[in-house]
């Protein structure tokens, strides 16, 4: 079964390369460091390092407190952080600079996996959230490297996607030492996937424990004060098929509140220019972070075309719409606005963050919408009733405070693996 899987990966490589080219035409960073995706490296390796894999920006942010804990616990070990996306790579550089080593995770080919592990020789492998790579996991098991899936989540959709290769995945999961699941539902799905009962633990979601970046609330508050009594909402992490809905909703909202301001942060950087251009063609007065810096008094739509500032713009908003949820993408993280006391709206498709979303809906901090009309309606209701809007925001912040503690529980589960890694002789890194 593993041989067939590896053959499929090899056959699919031209498609993967085409995808990298396609993404590179829209985001130049995808053209960089291709060799790393095949585990071909320049420079020296890292013997005895601790390795954390985080796909992209969100996972890197969740990994940050674990990185801090590993540094404190084992300061003599070099940390290797891998990502899949250039935006994830940029976030690694922003958080840690040259104090950690970063490379892209190679494709799950037997030779590439062996080259990767030979080059870096990790003593601990820590996967963030939803990462199951059969060849990589089997090779880690063969080498006796402790393997942990932290903040583990598995949606119903992902579970269905793994079913055709269930036997292969079951074998891969047999080598995992700890699965620290976000919820009972995630733990159940990992059991259905074939993970050993003894390694599955429900620790909660580390995202509840993430501290707000320093200065975010103050910066957002200063911007919000400068905009006066204008109604301000943010559309965050939107996808192309949602863009027209957001524009329609803003037009409907401006029929009720002519001075309403939309802050807009598309999910993918390659959509920045398109969102700005489409807004202008639709008759809106558009400004952007890169060019104008901040909205003018007559700005209708302000495009956030930078990375790393989303939290500050959440803090500058009255209400947030979190994208990826009006189409069957599965939604994105609603914890970020909730942690700032900002009520949120989402579409019907939130299976990527189902438990978190449902929890905040029950708390009253999140509401569902279905289309442009219902999005504009919910926005209008909250702008007309500011006390209710503030109550919803406070409810979300309070609910998050109750849910904290996952980081401590995860670190307790990591302790045996850390002792094992620490006991091994440390070569020169």
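Residue numbers (this note's numbering): 2 to 430.
All residues carry an ideal CB built from backbone N, CA and C; glycine is no exception.
Just so it is clear, the structure is predicted and the values come from calculations on it, not from any experiment.
### Query
So which of 402, 309, 28, 333 has the shortest CA-CA distance to residue 216?
Within the chain shown, numbered from 1, the residue matching residue 216 stands at position 215. Checking every option, the nearest Cα to that of residue 216 belongs to 309.
### Query
Skipping 5 residues on each side, what residues in its chain have a beta carbon closer than 6 Å to that of residue 301?
One-based indexing of the chain shown puts residue 301 at position 300. Only 285, 286 meet the Cβ criterion.
### Query
In chain order, what residues of the same chain have a beta carbon less than 8 Å from the beta carbon of residue 437, not counting five sequence neighbours either side?
The structure shown does not extend to residue 437, since the chain is modelled only from 2 to 430, so the question has no answer here.
### Message
According to DSSP, simplified to helix, strand and coil, what is residue 19?
### Response
Counted from its first residue, the chain shown places residue 19 at position 18. Three-state DSSP puts residue 19 in a helix.
### Task
Express the C-alpha separation of residue 423 and residue 224 in angstroms, rounding to a whole number.
What you label residue 224 is simply residue 223 of the chain shown in a count that begins at 1. What you label residue 423 is simply residue 422 of the chain shown in a count that begins at 1. Cα to Cα, the separation comes out at about 47 Å.
### Query
Where does the unbroken beta strand (DSSP E) through residue 264 begin, and where does it stop?
Counting from one through the chain shown, the residue named residue 264 turns up at place 263. Counting along the chain, the beta strand (DSSP E) containing residue 264 begins and ends at 262-267.
### Per DSSP, the bridge partner or partners of residue 128
Residue 128 sits at position 127 when you count from the first residue of the chain shown. Looking at the DSSP assignment, residue 128 forms a beta bridge with 54, 150.
### Query
Would you report the Cα separation of residue 3 and residue 189, rounded to the nearest angstrom?
Within the chain shown, residue 3 is the residue found at index 2, counting from 1. Within the chain shown, residue 189 is the residue found at index 188, counting from 1. About 25 Å.
### Query
For the alpha helix (DSSP H) that residue 163 lies in, which residues bound it at each end?
In the chain shown, the residue the question calls residue 163 occupies position 162. Unbroken alpha helix (DSSP H) run through residue 163: 157-163.
### Query
Is residue 196 closer than 8 Å to residue 174 when the C-beta atoms are compared?
Taking the first residue of the chain shown as 1, we reach residue 174 at position 173. Taking the first residue of the chain shown as 1, we reach residue 196 at position 195. It is a contact, given that the beta carbons lie within the stated cut-off.
### Task
Count the CB pairs spanning the stretch 349-357 and the stretch 322-341 that are closer than 8 Å, and state whether there are at least three.
yes
### Task
Just grab the DSSP bridge partners of residue 105 for me.
The count along the chain shown starts at 1 and reaches residue 105 at position 104. Paired residues: 84.
### Message
Let me make sure I understand the geometry here. Which of 255, 254, 277, 222 has the alpha-carbon closest to that of residue 315?
### Response
Taking the chain shown and counting its residues from 1, the one referred to as residue 315 is at position 314. Nearest C-alpha to residue 315: 222.
### Message
Helix, strand or coil, according to DSSP, for residue 368 in the structure here?
### Response
Indexing the chain shown from 1 puts residue 368 at position 367. Residue 368: strand per DSSP, three-state reduction.
### Query
Run through DSSP, which three-state label would residue 182 get?
For this step, residue 182 is matched to residue 181 along the chain shown. Residue state, collapsed to three classes: strand.
### Query
Exposed or buried, residue 234, counting other C-beta atoms within 10 Å across all chains shown (16 or more means buried)?
For the purposes of this step, residue 234 is taken as the residue at position 233 of the chain shown. Per the 10 Å Cβ criterion, buried.
### Message
Checking 8 Å against the spacing of the C-beta atoms, do residue 37 and residue 104 come in under that value?
### Response
Position 36 of the chain shown, counted from the start, is the residue given in the question as residue 37. Position 103 of the chain shown, counted from the start, is the residue given in the question as residue 104. The answer is yes: Cβ separation under 8 Å.
### Euclidean distance between Cα positions of residue 18 and residue 192
In the chain shown, the residue the question calls residue 18 occupies position 17. In the chain shown, the residue the question calls residue 192 occupies position 191. When rounded, the distance between both Cα atoms is 34 Å.
### Query
What did DSSP end up calling residue 430 once you bin it into helix, strand or coil?
The residue you call residue 430 lines up with position 429 of the chain shown. Since pLDDT at residue 430 reaches only 39, below the 50 mark, its modelled position is unreliable, and no value is offered.
### Contact under 8 Å by Cβ, residue 50 with residue 81
Numbered from its first residue, the chain shown carries residue 50 at position 49. Numbered from its first residue, the chain shown carries residue 81 at position 80. It is a contact, given that the beta carbons lie within the stated cut-off.
### Query
According to the neighbour-count rule (16 or more other Cβ atoms, all chains shown, within 10 Å of its Cβ), is residue 409 buried or exposed?
As a first step, residue 409 must be located in the chain shown, where it is residue number 408. It counts as exposed.
### Message
At the level of alpha carbons, what is the spacing between residue 379 and residue 275?
### Response
Taking the first residue of the chain shown as position 1, residue 379 is located at position 378. Taking the first residue of the chain shown as position 1, residue 275 is located at position 274. Cα to Cα, residue 379 sits roughly 26 Å from residue 275.
### Top-ranked residue by Cα proximity to residue 283, from 245, 268, 256
In the chain shown, residue 283 corresponds to position 282, counting from 1. Among 245, 268, 256, the Cα nearest to that of residue 283 is on 245.
### Neighbour-count burial assignment, residue 261, 16 or more Cβ in a 10 Å radius
Taking the chain shown and counting its residues from 1, one reaches residue 261 at position 260. Result: buried.
### Query
What is the DSSP secondary structure of residue 166, counted as helix, strand or coil?
Here residue 166 is taken as the residue at index 165 of the chain shown, counted from 1. Helix.
### Task
Could you tell me whether the stretch 116-132 touches the stretch 42-57, where touching means 3 or more Cβ pairs closer than 8 Å?
yes
### Query
Would you say residue 341 and residue 218 are within 8 Å of each other, going by their C-beta atoms?
Along the chain shown, one-based indexing puts residue 341 at 340. Along the chain shown, one-based indexing puts residue 218 at 217. Closer than 8 Å, so yes.
### Message
Please report the distance separating the alpha-carbon of residue 327 from that of residue 305.
### Response
On the chain shown, position 326 is the one that residue 327 refers to. On the chain shown, position 304 is the one that residue 305 refers to. Computed Cα separation, rounded: 20 Å.
### Query
Which first and last residues belong to the beta strand (DSSP E) in which residue 234 is found?
What you label residue 234 is simply residue 233 of the chain shown in a count that begins at 1. Here the beta strand (DSSP E) through residue 234 covers 233-239.
### Query
Apart from the five residues just before and just after residue 171, which ones in its own chain have a Cβ nearer than 6 Å to its Cβ?
Here residue 171 refers to the residue found at position 170 when the chain shown is read from its first residue. Once the five neighbours on either side are set aside, the close Cβ partners of residue 171 are 195.
#### Entry: Cβ-based neighbour list, residue 420, same chain, cut-off 8 Å, excluding 5 preceding and 5 following
Taking the chain shown and counting its residues from 1, the one referred to as residue 420 is at position 419. Contacts found: none.
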